[in-house]
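Note that our numbering has the sequence shown beginning at 28, numbered continuously upward.
For each residue, glycine too, the CB sits at the ideal point set by N, CA and C.
Source: prediction; values computed, not measured.
Notes follow the structure.
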Amino acid sequence: MIVMKFGGTSLGTPDTINTVMEIVRDRLADGPVVVTSAHAGVTNMLFDLADCAVRGRHDTFDLRQIHYNLIDPLGLERSIIQHDIDELEELLKGISYVKELTPRSLDYVVSFGEKFSTKIVAAYFSRSGLPAAAVNSYDLGLMTDSHFGDANPLSRSEAAIAENITKYAEEVPIITGYIAKDENGDITTLGRSGSDLTASFIGAAAGAEEIQIWTDVDGVMTADPNIVENSSTISYLSFEEASELAYYGARVIHPSALVPAIKKDIPVRVLNTYKPEHPGTVILRRCEETPTAARTIVYKKNLTLINIVSTRMLLQHGFMARLFETLNSHRIVIDMIATSEVSVSMTTDTRRNLRSAVRELSSYAEVTVEDQKAIVCVVGEGIRRDHGAPGRVFHALAGENVNIHMISQGATRINIAFLVDNADVERTIRALHKKFFGDGTDHDAVNAGRKLADNSAD
Ligand code: ADP
Ligand code: ASP
Ligand code: MG
28 MIVMKFGGTS LGTPDTINTV MEIVRDRLAD GPVVVTSAHA GVTNMLFDLA
78 DCAVRGRHDT FDLRQIHYNL IDPLGLERSI IQHDIDELEE LLKGISYVKE
128 LTPRSLDYVV SFGEKFSTKI VAAYFSRSGL PAAAVNSYDL GLMTDSHFGD
178 ANPLSRSEAA IAENITKYAE EVPIITGYIA KDENGDITTL GRSGSDLTAS
228 FIGAAAGAEE IQIWTDVDGV MTADPNIVEN SSTISYLSFE EASELAYYGA
278 RVIHPSALVP AIKKDIPVRV LNTYKPEHPG TVILRRCEET PTAARTIVYK
328 KNLTLINIVS TRMLLQHGFM ARLFETLNSH RIVIDMIATS EVSVSMTTDT
378 RRNLRSAVRE LSSYAEVTVE DQKAIVCVVG EGIRRDHGAP GRVFHALAGE
428 NVNIHMISQG ATRINIAFLV DNADVERTIR ALHKKFFGDG TDHDAVNAGR
478 KLADNSAD
């Protein structure tokens, strides 16, 4: 069995939905289980609708239109999503009456994107002679904790998923990514881009041979191809390298998505829906050491830098513990941290609760906050051996006049990360890519000498 996850970019038009159907049909012999995201742009639209509803307005015209623009040319009946549309409208009306939007009701609103997409995809597959069934992940057994907006799948849901998935021998299950339910039966979401995690969790639970992430680029590349035109596809990545690059923002994989695959040692392959014959990137437990220090350069924009200076002269005993207690109680997730004798700097992309966290921190420290920052990170197992890598980073940036606010190299020493202004990201990445990968036209050099270590061997 294989799990095939198709992102919103792969489901944006009738043509791409047809391509997805052909890709799945060509792999029927592998026993495909499909996980889908919402159609491109829909989740953002649902967040906006929730926002409008809380301010007293609700209008689903544009949302319906996006879906009808897919349903009509695909020759499907509009009625396949009517029940969900009605339910969503009731919900938005309720929110607009009470003018209150809790994290729980927000998850409920944004969950409709995946409910629509699974119904449209399953109906189109079936109409094309490929019997398929739309399945809500929670009906399959996927259960999470109750951290609305960022929920974690519970490992005890694995057994139910493994059992229920066997019921789909005659039809291809088209499963909702991103959404689940908690123990109380309330809808939860797994965080933005969470369909990757759904696919990996279901794949691990069901003992899939491979988890495939189908997207709009040729796999994981040496840099975001939207920034560096001549970036190259990386054929093989270790789980460790891939976890770092996902954590530091290479949108192509959700940061937690690899965890279930790592636990069960299942290869994850990143593939291009628009070029299905391209082998993409395979992420495995272990790959041989690379000849190049760096494998990829990733970035994460729109971070906030929090500088905290202890009001006592030194960071006295217990200060750090108190700091983390405050951040934890407000559910602020920290990406990067640097300390000196009297100060601590850290970055976060958490918006919710940030103001209240800063207020509490200010009661025992001096706090300043700077927005519009970005982490840029060079990732590669070869960095461990290459003592000159940090020097090359600085050399590349020296001529670019980029202001570096923070630097960090993790204990595993497979990344060098630094904080710059949002506005400097593009030229920082282009300069680093040139330094580490040349002009990028020698695509074979990126993977040269890299042999795949036997994934099943230790
Ligand atoms: P999907 O809708 O399929 O989930 P995403 O937009 O979440 O697609 O992820 C794919 C995008 O990730 C690509 O279009 C690309 O712009 C971006 N990306 C960022 N860094 C990388 C990288 N190193 N390699 C490949 N893609 C990257
Ligand atoms: N539709 C969700 C989002 O836009 C989940 C996903 O795409 O994976 O974040
Ligand atoms: Mg994605």
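* To do: Would you list, in sequence order, the uninterrupted beta strand (DSSP E) runs of no fewer than 3 residues that lie entirely inside the segment 345–429?
  => Counting only runs of 3 or more, we get 361–366, 370–375 and 392–406.
* To do: Hey, could you find the ends of the beta strand (DSSP E) Ala-160 is sitting in?
  => 159–162 is the extent of the beta strand (DSSP E) around Ala-160.
* Asked: By DSSP, does Arg-84 sit in helix, in strand, or in coil?
  -> Arg-84 sits in coil when the DSSP states are folded into three classes, being neither helix nor strand.
* **Within 5 Å of the ligand MG: residues by beta-carbon to any heavy atom** => Proximity to the ligand MG was defined by a C-beta distance below 5 Å to any of its heavy atoms, and the residues meeting it, in sequence along the chain, are Gly-34 and Ser-220.
* **Pro-200 classed as buried or exposed, judged by whether at least 16 other C-beta atoms fall within 10 angstroms** => When all chains shown are included, Pro-200 counts as buried.
* **Reduced DSSP secondary structure (H/G/I, E/B, other) of Met-48** => Reduced to three states, the DSSP call for Met-48 is helix.
* Curious, which full-length beta strand (DSSP E) runs of at least 3 residues does the segment 138–193 contain? -> List check, beta strand (DSSP E) in window: 159–162.
* Asked: Sorry if obvious, but does the Cβ on Asn-253 come closer than 7 Å to a heavy atom of the ligand ADP?
  -> Under cutoff, so the answer is yes.
* Asked: Using a Cβ-Cβ cut-off of 6 Å (strictly less than) and excluding sequence neighbours within five positions of Glu-387, which residues of its own chain qualify?
  -> So the list reads Thr-353, once near-sequence residues are dropped.
* **Gly-407, buried or exposed, once every other Cβ within 10 Å from all chains shown has been counted against 16** => Burial of Gly-407 is indicated by the presence of at least 16 other C-beta atoms within 10 angstroms of its C-beta.
* **Three-state class that DSSP yields for Pro-306 in the structure shown** => For Pro-306, the secondary structure class from DSSP, reduced to helix, strand or coil, is coil.
* Asked: What whole-angstrom Cβ distance do Asn-380 and Arg-358 have, given they're in contact under 8 Å?
  -> Yes, Asn-380 and Arg-358 are in contact; Cβ-Cβ is about 6 Å, under 8 Å.
* Return the Cβ separation of Leu-97 and Ile-44 in integer angstroms, given the expectation that the two are a contact with Cβ distance under 8 Å. => The beta-carbon distance between Leu-97 and Ile-44, rounded to whole angstroms, is 7 Å. This is short enough to meet the 8 Å contact definition.
* Asked: How is Thr-43 classed by DSSP in three states: helix, strand or coil?
  -> Correct three-state label for Thr-43: helix.
* Asked: Since Val-403 and Phe-463 are thought to touch, with beta carbons under 8 Å apart, how far apart are those beta carbons, to the nearest angstrom?
  -> Between the beta-carbon of Val-403 and that of Phe-463 there is about 12 Å, and that puts the pair past the 8 Å contact cut.
* Any idea if Phe-152 is buried or exposed, counting beta-carbon neighbours within 10 angstroms, 16 or more meaning buried? -> Phe-152 should be labelled buried.
* Within the same chain, show all residues whose beta-carbon is closer than 6 Å to that of Val-295, passing over the 5 residues directly before and after it, in chain order. => Taken in chain order, the residues that qualify are Ile-238, Ala-288 and Ile-310.
* If you run the structure through DSSP and keep just helix, strand and coil, what is Ala-65? -> Here Ala-65 sits in coil by DSSP.
* With respect to the beta strand (DSSP E) encompassing Ala-207, which residues constitute its N-terminal and C-terminal limits? -> 206–208 is the span of the beta strand (DSSP E), which, as asked, contains Ala-207.
* **Collapsed DSSP secondary structure at Gln-239 in the structure displayed** => Three-state DSSP puts Gln-239 in a strand.
* Rounded C-beta distance between Phe-143 and Asp-111? I'm assuming under 8 Å. -> Correct: roughly 6 Å between the Cβ atoms.
* **Among Thr-300, Thr-338 and His-432, nearest to Ala-365 - alpha-carbon criterion** => Per the Cα distances, His-432.
* Rank Asp-78, Thr-129, Leu-55 and Phe-346 by C-alpha distance to the C-alpha of Tyr-391 and give the top, closest one. => The option with the nearest alpha carbon to Tyr-391 is Phe-346.
* Please name the residue in Pro-41, Gly-39, Thr-63 and Val-30 whose C-alpha comes closest to that of Arg-54. => The option with the nearest alpha carbon to Arg-54 is Val-30.
* Opposing strand residues paired with Phe-33 [DSSP bridges] -> BP columns for Phe-33 point to Thr-63 and Trp-241.
* Three CB pairs or more closer than 8 Å across the segment 227–244 and the segment 415–433 -> Because the criterion of three Cβ pairs below 8 Å is not met, the segment 227–244 and the segment 415–433 do not touch.
* Where the beta strand (DSSP E) containing Leu-448 begins and where it ends -> The question names Leu, but residue 448 in the sequence shown is Asp. For Asp-448, the enclosing beta strand (DSSP E) starts and ends at 442–448.
* In angstroms, rounded to a whole number, what distance separates the CA positions of Gly-102 and Leu-167? -> So the alpha carbons of these two residues sit roughly 28 Å apart.
* To do: For Met-248, name the three-state secondary structure that DSSP assigns.
  => In the structure shown, Met-248 adopts extended strand secondary structure according to DSSP, grouped into three states.
* Asked: Based on Cα-Cα distance, which residue from Ser-155, Gln-109, Phe-175 and Ile-108 lies nearest to Leu-128?
  -> Among Ser-155, Gln-109, Phe-175 and Ile-108, the Cα nearest to that of Leu-128 belongs to Phe-175.
* Just reading off the alpha helix (DSSP H) that Ser-227 is part of, what are its end residues? -> Note, Ser-227: alpha helix (DSSP H), 222–233.
* Can you give me the Cβ contacts of Gly-221 inside the same chain, cut-off strictly under 7 Å, excluding the 5 residues immediately before and after it? => Gly-204, Tyr-205 and His-281, listed in sequence order.
* Neighbourhood of Ser-173 by C-beta distance below 6 Å, restricted to the same chain and skipping five residues each side -> Excluding sequence neighbours, Ser-173 sits near Asp-209.
* Asked: Which residues in the same chain have their Cβ closer than 7 Å to the Cβ of Pro-303, if we skip the five residues on either side of it in sequence?
  -> The residues Ile-50, in chain order, have a CB closer than 7 Å to that of Pro-303 in the same chain once the five nearest residues on each side in sequence are set aside.
* To do: Take Ile-202 and list the residues in its own chain whose beta-carbon comes closer than 6 Å to its own, dropping the five residues that flank it on each side.
  => So the qualifying residues of the chain are Val-62, Val-162 and Ser-164.
* Assigned secondary structure, Arg-296 (DSSP; H/G/I helix, E/B strand, else coil) -> In this structure, DSSP gives Arg-296 an extended state, which the three-state scheme calls strand.
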